Amino acid sequence: MPSKAAADVLSDLPDVECVVYDGTGPVPEGVEEVEVWIPPLMPVGGIPEVLARMPKLRLLQTVTAGVEPYRPHLPRGVVLCNARGVHDAGTAEWAVGAMIAMLREFPDFVRAQDRGEWTYRHTGVLADATVLIVGYGSIGEALERRLAGFEVDVIRVARSARGNVHGQDELPDLLPRADAVVLLVPATPATTGLVDAGFLAAMKDGALLVNAARGGVVDTDALVAELRTGRITAALDVTDPEPLPADHPLWTAPGLLITPHVAGSTPASGRRMLRLLRSQLLRYLAGEPLKNVITGSY
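Using the UniProt record's numbering, the first residue of the sequence shown is number 1, and each one after it goes up by one.
Given below as structure tokens:
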């Protein structure tokens, strides 16, 4: 288990022994007997070696929506489940906040406040904007619900088209229409570097890029170059590399808001994570179908 709080929600279950391993220090004794591993929020080092020491492992349940650190190393016969839904509220709320902050120029006003300057001017606004959600899964749905009161038009994009959701192959035609582009795609080979120079060039002048997905989805050098032209702005909760080194050019790029991967790090996510873990373990013990099983593309 990743924490004492997580272990405590299972403490009343019969024949269940929980050991806390937060990813720091040596792997606990007895790891060879582990059937269920719930890694901590931040990936542990040496994942292939840790997995190799768990011959009895049957379930790997992440506390994140992304499973890219574990998926390539998963032993045969081990079920992989993610935490779909746990971080929806926090991530969607962050995306709305990032859009409002950048469009209303809050970072600039905070800097002016620090200098004691009254810098009145008109700003942008979210109302009447077209928001393009790239990666329309459960977080995208949560984001759209939160945008319902902001008088915006929403364009939805997923890996493949379905109903009122466009396919990813339609992005070249959709990008020029968007005032804000929100990235919520999972990290997969198909999404690595998705937002490259061509993607950014297709965005309209004055558009805002919001990345709440994974840093590797965006070509960092291409983004820095585009930001330096002043043609677009961006808000990033994730970066490539991450953590971002102190001397990285992203820190000084104009028109950019950076937060340190905190979108889903909220009390609400913590509460929902504990509920999911208990629910999954009860299903596992009863031999019932598990939630959020990762199969094929996700």
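A virtual CB, placed ideally from N, CA and C, is assigned to each residue, including glycine.
These numbers come from a predicted model, not from an experiment.
Looking only at its own chain, which residues have a Cβ that is under 6 Å from the Cβ of residue i, when we skip the five neighbours before and after it?
i, result
"Leu183", "Val134, Asn211, Ala213 and Val217"
"Gly85", "Ser138"
"Leu41", "Val63"
"Phe150", "Leu126"
Tell me where the beta strand (DSSP E) around residue i begins and ends.
i, result
"Gln61", "Leu59 to Gln61"
"Thr229", "Looking at the DSSP string, Thr229 is not in any beta strand (DSSP E); the run it does join, the alpha helix (DSSP H), is Thr220 to Thr229."
"Arg156", "Asp153 to Ala158"
"Thr130", "Thr130 to Val134"
"Val86", "Per DSSP, Val86 belongs to no beta strand (DSSP E) and is neither H nor E."
"Leu80", "Val79 to Cys81"
Among the candidates the options, whose CA atom is the shortest distance from the CA of residue i?
i, options, result
"His73", "Pro107, Leu60, Leu281 and Asp153", "Leu60"
"Glu141", "Pro28, Ala6, Val154 and Leu281", "Val154"
"Thr119", "Asp108, Tyr136 and Asp128", "Asp108"
"Ala178", "Gly215, Leu209, Val195 and Glu242", "Leu209"
"Asp22", "Ile294, Ala5, Leu276 and Pro55", "Ala5"
"Leu174", "Pro186, Ala207 and Gly193", "Ala207"
"Ile38", "Val78, Asp15 and Pro14", "Val78"
"Ala158", "Leu194, Pro176, Thr259 and Ala129", "Leu194"
"Ala187", "Ser265, Pro2 and Gly66", "Gly66"
"Gly25", "Thr259, Leu274 and Val44", "Val44"
Which of the three DSSP states, helix, strand or coil, is assigned to residue i?
i, result
"Ile258", "strand"
"Ile139", "helix"
"Gly167", "strand"
"Ala178", "coil"
"residue 312", "The question about residue 312 has no answer, for the chain in this structure spans 1 to 298."
"Arg162", "strand"
"Thr233", "strand"
"Val195", "strand"
"residue 303", "As displayed, the chain neither begins before 1 nor continues past 298, which places residue 303 out of reach and without an answer."
"Leu74", "coil"
Rounded C-beta distance between residue i and residue j? I'm assuming under 8 Å.
i, j, result
"Val63", "Ala89", "Not quite, the Cβ-Cβ distance comes to about 15 Å (not below 8 Å), so this is no contact."
"Val36", "Leu281", "7 Å"
If you follow the alpha helix (DSSP H) that residue i is part of, which residue opens it and which one closes it?
i, result
"Ala212", "Neither: Ala212 is in no alpha helix (DSSP H) and is coded neither H nor E."
"Leu274", "Pro267 to Ala286"
Please list, in chain order, all residues of the same chain as residue i whose beta carbon is under 8 Å from its beta carbon, the five residues on each side excluded.
i, result
"Gly215", "Leu236, Val238, Thr239, Asp240, Pro241 and Glu242"
Indicate, with yes or no, if the ligand NAD has a heavy atom lying under 7 Å from the CB of residue i.
i, result
"Ala101", "Annotation note on the ligand NAD: not contained in the displayed structure, which lists no ligands."
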